[in-house]
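Below you'll find the structure, written out as structure tokens, and then a few comments.
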Amino acid sequence: MTSDRAAKIKTRLREIPNREDWKTILSRVKESPWHRGENDRGWIATFDWLIKNASTPIRILERSICRMDACGNEIGNGQSEAEPNLSRL
Numbered sequence: 051m052t053s054d055r056a057a058k059i060k061t062r063l064r065e066i067p068n069r070e071d072w073k074t075i076l077s078r079v080k081e082s083p084w085h086r087g088e089n090d091r092g093w094i095a096t097f098d099w100l101i102k103n104a105s106t107p108i109r110i111l112e113r114s115i116c117r118m119d120a121c122g123n124e125i126g127n128g129q130s131e132a133e134p135n136l137s138r139l
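Using my numbering, the letters of the sequence shown map in sequence onto residues 51 to 139.
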């Protein structure tokens, strides 16, 4: 492991110290078709992408960057899942 990667991991763990939060983050990335490459570019989320900056894991935890749910419905366009998506009405 590179020293840069180790430093980023340590920093992210300080920012989000709760182990259950990390389980949630990793599970959401794993279960997201969009993050697994089912997107218009075939882009796949990597661990380095996840730890690159402070906002990425937090936004996943808050569901603000989840693109697709398990049913293929678009979510996470800056609003929480609890907020109604008025554009569908």
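C-beta atoms are modelled at their ideal positions from N, C-alpha and C, and glycine is treated no differently.
Judged by DSSP secondary structure, W72 falls within the alpha helix (DSSP H) whose first and last residues are 69-81. In this structure, the CA atom of L63 is about 13 Å from the CA atom of T106.
Distance from the Cα of S82 is smallest, within the candidate group L111, E70, A104, for L111. Pairing I94 with W84, the inter-Cα distance amounts to about 8 Å.
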